[in-house]
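Presented below is the structure to which this report refers.
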Amino acid sequence: MIKTPLIGMSLEKLRIVAAEVGLPRFAAGQISRRLYVNRAVTIDEMTELSKAGREKLSERYDVGRHAPIAEAVSTDGTAKYLFKGVGGRDIESVYIPDRDRATICVSSQAGCRMNCLFCITGRQGFHGNLSTADIINQVLSIPQSDKLTNLVFMGMGEPLDNLDAVMDAIEILTAPWGLAWSPKRITVSTIGKLDNLERLLDQTRVHIAISVHSPFPDERAALMPVERAYPIARVIEMMRHRDFAHQRRLSIEYIMWRDRNDDLRHADALARLLRGTDCRVNLIRFHAFDGFDGRPATTATMERFRDRLNELGITATIRASRGEDIDAACGMLAGRSQSPNLN
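Residues 104 to 446 in the numbering used here are what the sequence shown spells out, letter by letter.
Structure (structure tokens):
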């Protein structure tokens, strides 16, 4: 019999489980502590429960933890982990150490429906949504789990295309009965699905990163078909009416391609688009791959673009590239069948 995983369950759901197997209501808190604080791998480790209670619980449920099935470590300390996915496609997570920060980049889907031309994940098609358990397992099951300080939903998939599972994961990450993280430690990166973005903003205090990549609608639509459904001008307009000055941060993600979106005309248009928002622009180096003709912008061009934005009152920085030698950089996650550096 296929058992239901316990990780990924809220305290309220664990109370329902406890009642189903004849455990007292307070046992749900004991189970949640074992799952999210003590990082239990088996139900037998939940020694606060009676032996009969553990046996009853084990008949229908298991913890749901699964170790990575492969890993690759970069020369800069970045590590990429392969986990069993859904729909025949495995998924990848990335651990990024950086001085006093240790960030995990988690996946929310196997593949992606957004079909952005510059993203390997998007080019492989959509294979299925990850469950909340699949998402939380990435956090709990990497070897550096107890070192993590930050989490970004920037792995495989569009987080707002699997919003229910992502929201449930955020609850587990931030609730006092879960991992008890501050929402300031979590960033959700999105192409800007407006209705779901509004719900995320209303119901959480996590940081937001919006993928832009061109300030011109026709150019952005050629790179990101989602522009036709969710124009970036509408997304940014909604951001203007939100408070990003204190409790949360708004970031703009901008991958730079040589002779495509890296000139001062684009910088000026991007500054006009973002005027009136309290945001920071992350300029991202493109990592070339077969099948897409984009070339990375030069360092000098990226610095000139950054300086122009800063002159125009838009804070901009160039993101340091991490894990390129193991295909762990932005837009390069693919899963087992297209990931030769994970063996």
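Where is the CB? At the ideal position from N, CA and C, for every residue including glycine.
These figures come from a predicted structure and were not determined experimentally.
- Residue state for Asp396 is assigned as coil, using DSSP reduced to three classes.
- For a cut-off of 8 Å, the C-beta gap from Ile110 to Ile239 is around 5 Å, short enough to register as a contact.
- Just so you know, the alpha carbons of Leu436 and Ile223 end up roughly 6 Å apart.
- Here the segment 271 to 289 does not lie against the segment 321 to 334, with fewer than 3 beta-carbon pairs under 8 Å apart.
- Here Lys250 is exposed. Its C-beta has fewer than 16 other C-beta atoms within 10 Å.
- Scanning Pro171, Arg136, Asp396 and Gly281 for the CA closest to the CA of Gly438 turns up Pro171.
- Within the same chain, Cβ atoms closer than 6 Å to the Cβ of Ala236 are found at Pro108, Ile110, Gly111 and Gly167, the five residues on either side in sequence being excluded.
- Contact annotation: Leu386 and Thr418 have beta-carbon atoms that are not nearer than 9 Å.
- For Asp203, the closest of Arg337, Thr252, Ala131 and Ile313 by C-alpha to C-alpha distance is Thr252.
- His230 carries a strand assignment under DSSP once its states are collapsed to helix, strand and coil.
- Inclusion of Val384 and Ser424 in the CB contact set at 9 Å is not warranted, their separation being larger than that value.
- Counting along the chain, the unbroken beta strand (DSSP E) around Ser314 starts and ends at His310 to Ser314.
- Excluding its 5 nearest sequence neighbours in each direction, Ala122 has C-beta neighbours in its own chain below 8 Å: Arg128, listed in chain order.
- Counting along the chain, Ile105 sits inside no alpha helix (DSSP H), nor does DSSP assign it H or E at all.
- The three-state reading of DSSP puts Thr401 in coil, since its state is none of H, G, I, E or B.
- Thr150 sits exposed, since fewer than 16 C-beta atoms from the chains shown fall within 10 Å of its C-beta.
- Pairing Glu261 with Thr293 gives a Cβ-Cβ distance under 9 Å.
- Linking Asn141 to Val291 through their CA atoms gives a straight-line distance of about 26 Å.
- About 6 Å separates the CB atoms of Thr178 and Asp428; that is less than 8 Å, so the two are in contact.
- Boundaries of the alpha helix (DSSP H) harbouring Met342: Ile335 to Arg343, taken from the DSSP string.
- Taking the Cβ atoms as the reference, Cys215 lies roughly 10 Å from Gly258, outside the contact range of under 8 Å.
- Per the coordinates, the alpha-carbon of Ala336 lies some 20 Å from the alpha-carbon of Asp305.
- Minimum Cα-Cα distance from Asn364 among the listed residues Gly379, Met342 and Pro318 corresponds to Pro318.
- Note that the C-beta distance between Val269 and Ala312 is not below 9 Å.
- Secondary-structure assignment with DSSP links Lys154 through no beta bridge to anything.
- In the structure shown, Gln212 adopts extended strand secondary structure according to DSSP, grouped into three states.
- Here DSSP, grouped into helix, strand and coil, assigns Glu261 to coil.
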